[in-house]
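Numbering (the numbering used here), first residue to last: 10 to 687.
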Amino acid sequence: MGVRPAATKLNISPAAARRPSSFLPIATVALLCSASYFLGAWQHGGFSSPSASPSSVSVATAVACTTTTTATTRSATRPRKRTPAGQGQALDFSAHHAAAADGAVLSSSGDSAATRRYQACPARYSEYTPCEDVKRSLRYPRERLVYRERHCPTGRERLRCLVPAPAGYRNPFPWPASRDVAWFANVPHKELTVEKAVQNWIRVDGDKFRFPGGGTMFPHGADAYIDDIGKLIPLHDGSVHTALDTGCGVASWGAYLLSRDILAMSFAPRDSHEAQVQFALERGVPAMIGVLASNRLTYPARAFDMAHCSRCLIPWHLYGSVSHIARSPYTLMISSSEYTLIGHYRTCQCADGLYLIEVDRVLRPGGYWILSGPPINWKKYWKGWERTKEDLNAEQQAIEAVARSLCWKKIKEAGDIAVWQKPANHASCKASRKSPPFCSHKNPDAAWYDKMEACVTPLPEVSDASEVAGGALKKWPQRLTAVPPRISRGSIKGVTSKAFVQDTELWRKRVQHYKGVINQFEQKGRYRNVLDMNAGLGGFAAALASDPLWVMNMVPTVGNSSTLGVVYERGLIGSYQDWCEGMSTYPRTYDLIHADSVFTLYKNRCEMDIILLEMDRILRPEGTVIIRDDVDMLVKVKSAADGMRWDSQIVDHEDGPLVREKILLVVKTYWTAKEQDQ
Numbered sequence: 010m011g012v013r014p015a016a017t018k019l020n021i022s023p024a025a026a027r028r029p030s031s032f033l034p035i036a037t038v039a040l041l042c043s044a045s046y047f048l049g050a051w052q053h054g055g056f057s058s059p060s061a062s063p064s065s066v067s068v069a070t071a072v073a074c075t076t077t078t079t080a081t082t083r084s085a086t087r088p089r090k091r092t093p094a095g096q097g098q099a100l101d102f103s104a105h106h107a108a109a110a111d112g113a114v115l116s117s118s119g120d121s122a123a124t125r126r127y128q129a130c131p132a133r134y135s136e137y138t139p140c141e142d143v144k145r146s147l148r149y150p151r152e153r154l155v156y157r158e159r160h161c162p163t164g165r166e167r168l169r170c171l172v173p174a175p176a177g178y179r180n181p182f183p184w185p186a187s188r189d190v191a192w193f194a195n196v197p198h199k200e201l202t203v204e205k206a207v208q209n210w211i212r213v214d215g216d217k218f219r220f221p222g223g224g225t226m227f228p229h230g231a232d233a234y235i236d237d238i239g240k241l242i243p244l245h246d247g248s249v250h251t252a253l254d255t256g257c258g259v260a261s262w263g264a265y266l267l268s269r270d271i272l273a274m275s276f277a278p279r280d281s282h283e284a285q286v287q288f289a290l291e292r293g294v295p296a297m298i299g300v301l302a303s304n305r306l307t308y309p310a311r312a313f314d315m316a317h318c319s320r321c322l323i324p325w326h327l328y329g330s331v332s333h334i335a336r337s338p339y340t341l342m343i344s345s346s347e348y349t350l351i352g353h354y355r356t357c358q359c360a361d362g363l364y365l366i367e368v369d370r371v372l373r374p375g376g377y378w379i380l381s382g383p384p385i386n387w388k389k390y391w392k393g394w395e396r397t398k399e400d401l402n403a404e405q406q407a408i409e410a411v412a413r414s415l416c417w418k419k420i421k422e423a424g425d426i427a428v429w430q431k432p433a434n435h436a437s438c439k440a441s442r443k444s445p446p447f448c449s450h451k452n453p454d455a456a457w458y459d460k461m462e463a464c465v466t467p468l469p470e471v472s473d474a475s476e477v478a479g480g481a482l483k484k485w486p487q488r489l490t491a492v493p494p495r496i497s498r499g500s501i502k503g504v505t506s507k508a509f510v511q512d513t514e515l516w517r518k519r520v521q522h523y524k525g526v527i528n529q530f531e532q533k534g535r536y537r538n539v540l541d542m543n544a545g546l547g548g549f550a551a552a553l554a555s556d557p558l559w560v561m562n563m564v565p566t567v568g569n570s571s572t573l574g575v576v577y578e579r580g581l582i583g584s585y586q587d588w589c590e591g592m593s594t595y596p597r598t599y600d601l602i603h604a605d606s607v608f609t610l611y612k613n614r615c616e617m618d619i620i621l622l623e624m625d626r627i628l629r630p631e632g633t634v635i636i637r638d639d640v641d642m643l644v645k646v647k648s649a650a651d652g653m654r655w656d657s658q659i660v661d662h663e664d665g666p667l668v669r670e671k672i673l674l675v676v677k678t679y680w681t682a683k684e685q686d687q
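Quick look at the structure:
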């Protein structure tokens, strides 16, 4: 079984690199562009780059006014390769080991006139997650797992260094082989292989991990378990395409759903189950660090077709609101990654169910909630779960009460699996229930540090009881390119149906251009985990939908964040994100990062290197970055990136050299903590 193929070079197409032969048009264009550029440079403001040197100006001028691409800037320890005349410089993708000085953290005040060289962080930071740092989390309350939520560093707490890969790091296996195997050196943790040995999650096999596809509630494997779910709800006709897996473990459920053309967003906290989300990402499965605690999940309302919990042990029936933590009649203890309830349960006639209310918010009308594990089928398992029949029965009755209060319909309970369905609208629900109340003023899509509330998110109004609230969705794959209901109904400010169609076509053209200048796009398995930092309407991901990869569509909170709902209506997945903070994921998550106008968007909001260092943290060695922005901004970005062990090159816009927007292509060089320490 081979590793994911590492390409050797990224070449700019000859057509893009050729200069016209006629001297007069070139001279005319050069004079006009030079005048335009210097006028713009006199007026233009932006990021305060740590290294805007005079040489950067000459690079920008060359890019803005000719069809010739700029020379690739290499690190000081590596020579520049020669290329034939008339061709662009090639970016080197081959594995190599770069020399380094030491592991000290570079202070934020160490800027110089030359390109700033970012040093490597010490090896102990190889799995650093800035907003879920284990030591920092201990400052926050243990109640309701608040300490496992996002708590990001500020000021001098921020690392201003390059997070190293562990010694012996290797390119992951290509999909679909990666679903079942990963390199031990990439995630060197054996804890789960011991703790979950009898549950068939994961095992060590020499220098590799093997993922048999088992789980606590699916001893016969995830495939057989999904087959059982498919007997209860439609998984094969395209009506279910997006799923949410709460407390995902190593994401075997999500991994095996991919073969059925269902895209799952899996999440679990960073806790004593070392690296469970990291294992999922090494397998090539979408996942993020996350927890149900006090904040809303970072997804819009009406996002997922299906939500799932398999022995996640989340106390679905507890809590009326955040302020009720101290008054909860139950005791909540934390055991590893799971919520473990102790004490006696009482039957709740007016159940609180704050976490189930949150699942209701993110489920689309008619969506399904699947629960397996305690308390489902407690009559069979109560002894093994070391719980009394009375406790388990009371817990199930409380969950049933919460579901009824949400107007959910229980589809069926068969064996170890129970399924509920959210109503298509709230027409009859509003008349038949009183508690919990409907939320009155809160934006249903607001989910960036917004607290959960003990109120039901109301669905859009309907004209009759048979109508789907917010508009019915097409089945997959038609929904990918069909105008989403949020746009056709005018819910997204400034975006019309015509604009959506034009955006879809625009990104098809742009992705085609990327594939023309980045030959690695054509190598099967070269890119698997892809990040779009400013997804907009999801056009970039939609244009790649037929490729064997998945895209995490991030919608910045500083822009028009309402577009994330459109992303989900298209059958794609993503999350909100503020790029002045770290992302809730492990280092080396992504093979390719796409950043469209991100640096212009965050101009004057935070320092450029905060964003660049985070991009470096979450990018795999030998990974690729595509940055689109105004040429002046790209010159500043390139100048900073040249000090980060990145090889970079500016190329022209797909519409030609006279367009001010350019594209910066980046390759992250290969180096590890071991080489850094030598």
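Glycine included, C-beta positions come from ideal geometry on N, C-alpha and C.
If you're wondering where the values come from, they're calculated on a predicted model, not measured in any experiment.
- Would you call the region 505–521 and the region 540–555 touching, i.e. three or more CB-CB distances under 8 Å? Here the region 505–521 makes contact with the region 540–555; the two share three or more CB pairs at distances below 8 Å.
- Determine the direct distance from the alpha carbon of residue 592 to that of residue 380, and round the result to whole angstroms. In a straight line, the C-alpha of residue 380 is about 29 Å away from that of residue 592.
- Message: Output needed for residue 539: all residues of its chain with C-beta closer than 6 Å, excluding positions within five of it in sequence on either side, in chain order.
- Response: The answer, listed in chain order, is 558, 560 and 601.
- Message: Using a Cβ-Cβ cutoff of less than 8 Å, which residues in the same chain neighbour residue 515 once the five nearest sequence positions on both sides are dropped?
- Response: These residues qualify, in order along the chain: 548.
- Query: So, using beta-carbon positions, are residue 292 and residue 373 closer together than 8 Å?
  - Reply: Judged by beta-carbon spacing, residue 373 lies beyond the 8 Å limit of residue 292, meaning their Cβ atoms are not closer than that value.
- Item | Buried or exposed (CB count within 10 angstroms, at least 16 for buried), residue 245 | Exposed is the call here.
- What residue from 314, 263, 239 and 585 has the CA that sits closest to residue 189's CA? Cα-wise, what sits closest to residue 189 is 263.
- Item | First and last residue of the uninterrupted beta strand (DSSP E) at residue 568 | From DSSP, residue 568 is part of no beta strand (DSSP E); its letter is neither H nor E.
- Query: On the three-state DSSP scale, how would you describe residue 585?
  - Reply: Correct three-state label for residue 585: strand.
- Item | Contact the region 392–399 vs the region 472–486: 3+ CB pairs below 8 Å | No, because fewer than three Cβ pairs between the region 392–399 and the region 472–486 fall closer than 8 Å, the two stretches do not touch.
- Taking Cβ to Cβ, would you say residue 308 is nearer than 8 Å to residue 653? No, these two residues do not count as a Cβ contact at 8 Å.
- Rank 437, 502 and 465 by C-alpha distance to the C-alpha of residue 476 and give the top, closest one. By alpha-carbon distance to residue 476, the top candidate from 437, 502 and 465 is 437.
- Item | Residues near residue 243 in its chain [Cβ-Cβ closer than 7 Å; skip 5 each side] | Only 249 meet the Cβ criterion.
- Message: Considering just the uninterrupted stretch of the alpha helix (DSSP H) at residue 523, what are its terminal residues?
- Response: For residue 523, the enclosing alpha helix (DSSP H) has its first and last residue at 506–526.
- Sheet register partners of residue 422 (DSSP bridge): Residue pairing by DSSP puts residue 422 in a beta bridge opposite 427.
- Quick one: measure Cβ to Cβ for residue 631 and residue 676, integer angstroms, because I've assumed they're closer than 8 Å. The C-beta distance from residue 631 to residue 676 rounds to 7 Å, short enough to fall under 8 Å.
- Query: Roughly how many whole angstroms lie between the Cα atoms of residue 513 and residue 361?
  - Reply: So the alpha carbons of these two residues sit roughly 43 Å apart.
- Query: Roughly how many whole angstroms lie between the Cα atoms of residue 149 and residue 247?
  - Reply: In this structure, the CA atom of residue 149 is about 43 Å from the CA atom of residue 247.
- Query: For the putative contact between residue 7 and residue 404, defined by C-beta atoms under 8 Å, what is the C-beta separation to the nearest angstrom?
  - Reply: The structure shown has nothing for residue 7, since the chain only spans 10 to 687.
- State the DSSP-derived secondary structure class of residue 438, mapped to helix, strand or coil. DSSP places residue 438 in the helix class (H, G or I) of the three-state scheme.
- Message: If you reduce the DSSP assignment to three classes, tell me which class residue 385 lands in.
- Response: Residue 385: coil per DSSP, three-state reduction.
- Query: Where do the N-terminal and C-terminal ends of the alpha helix (DSSP H) with residue 226 fall, by residue?
  - Reply: Segment: none, residue 226 is in no alpha helix (DSSP H) and carries neither H nor E.
- Query: For the candidate residues 621, 489, 655 and 680, whose alpha-carbon lies nearest to that of residue 168?
  - Reply: Minimum Cα-Cα distance from residue 168 among the listed residues 621, 489, 655 and 680 corresponds to 621.
- Are residue 317 and residue 255 touching if we call contact CB-CB under 8 Å? Against a cut-off of 8 Å, the Cβ pair of residue 255 and residue 317 comes out as a contact.
- Item | Test item: CB-CB of residue 196 and residue 288 under 8 Å | Yes, the pair counts as a contact, with Cβ atoms nearer than the cut-off.
- Task: Using alpha carbons as the reference points, say which of 144, 427, 388 and 177 lies closest to residue 681.
- Result: If we check each option's Cα against that of residue 681, 177 comes out closest.
- Task: Taking only the alpha-carbon atoms, compute the straight-line gap between residue 672 and residue 619 and give it to the nearest angstrom.
- Result: Distance between the alpha carbons of residue 672 and residue 619 is about 20 Å.
- Item | Nearest candidate by alpha-carbon position, reference residue 586, set 425, 184, 544 and 174 | Across the set 425, 184, 544 and 174, the C-alpha of 544 shows the shortest separation from the C-alpha of residue 586.
- With which residues is residue 677 paired in a DSSP beta bridge? For residue 677, which the question treats as bridged, DSSP gives the partners 655.
- Query: Tell me the DSSP bridge mates of residue 238?
  - Reply: Note: residue 238 sits in no beta bridge, so no partner.
- Message: My output table needs one value for residue 380: the three-state DSSP class, helix, strand or coil.
- Response: DSSP places residue 380 in strand when its eight states are reduced to three.
- Task: State buried or exposed for residue 584, treating a residue as buried only when at least 16 other CB atoms are found within 10 Å of its CB.
- Result: Buried, since its Cβ has 16 or more Cβ neighbours within 10 Å.
- Item | residue 651 classed as buried or exposed, judged by whether at least 16 other C-beta atoms fall within 10 angstroms | It counts as buried.
- Task: Would you identify the three-state DSSP class for residue 458, choosing helix, strand or coil?
- Result: Residue 458 falls in the coil class under three-state DSSP.
- Message: Please report the distance separating the alpha-carbon of residue 526 from that of residue 589.
- Response: Approximately 30 Å, taken between the alpha carbons.
- Task: Counting only the same chain and skipping the five closest in sequence on each side, list residues whose C-beta sits under 6 Å from that of residue 683.
- Result: Within the same chain, residue 683 has close Cβ partners 176.
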